[in-house]
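Heads up, the thing below is written out as structure tokens.
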Amino acid sequence: MSEHICKSHNKSLLMYHLVFPAKYRRKVFSKAVEISLRDVCLEIGRRYEIHFIEIGMEADHVHFMVQSVPTYPVYKIVRIIKSITAREIFKRHKGIKKELWGAALWTSGYYANTVGQFASSEVIKKYVANQGREYKKLYSAQLKFDF
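Under the numbering used here, the residues of the sequence shown are numbered 1285 to 1431, in order.
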């Protein structure tokens, strides 16, 4: 996906890199769980405006690259993904619940980072810092009085 999402009053390209560790850092993500997780994420994408660009998995944590709309702050995206994936994984893979001693698939914490597609943070920082420079040069030169 990773193209601009156009709505009636805004156009956005908001992408995030999210990492969710399994509860107790247990190694519960097998190939079968990975397949189920990808299916669940496709369902989430159809139901919500959360588009999964990439999903990467280790035995004890999962990386997501997602794109969404401005009406979903990061914490809401995280809450939606964590709650739905946990419920569905527990439903499809009964043994995982026993390994985790309870009703939580994910830790309460997570890692979140914005992903830039068109420019790095340094490029954007310079761009923002230089806004209005030409305007300032033009008009400050006109305001000099030579008496």
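Each residue gets a CB set at the ideal place from its N, CA and C atoms; glycine is no exception.
- Contact check for I1364 against V1324 fails: the beta carbons are separated by 9 Å or more.
- L1297 is a Cβ neighbour of I1289, given a cutoff of 9 Å.
- Cβ neighbours of F1304 within its own chain (closer than 6 Å, five residues either side excluded): V1346, W1390 and Y1394.
- For T1369, no beta strand (DSSP E) run applies; the uninterrupted alpha helix (DSSP H) run containing it begins and ends at V1358 to R1376, by DSSP.
- With three or more CB-CB distances shorter than 8 Å, the region 1321-1340 counts as touching the region 1366-1381.
- By a beta-carbon distance limit of 8 Å, P1354 contacts N1294. Their separation comes to about 6 Å.
- Looking only at E1318, E1287, A1388 and K1307, the smallest Cα-Cα distance to E1342 is reached by E1318.
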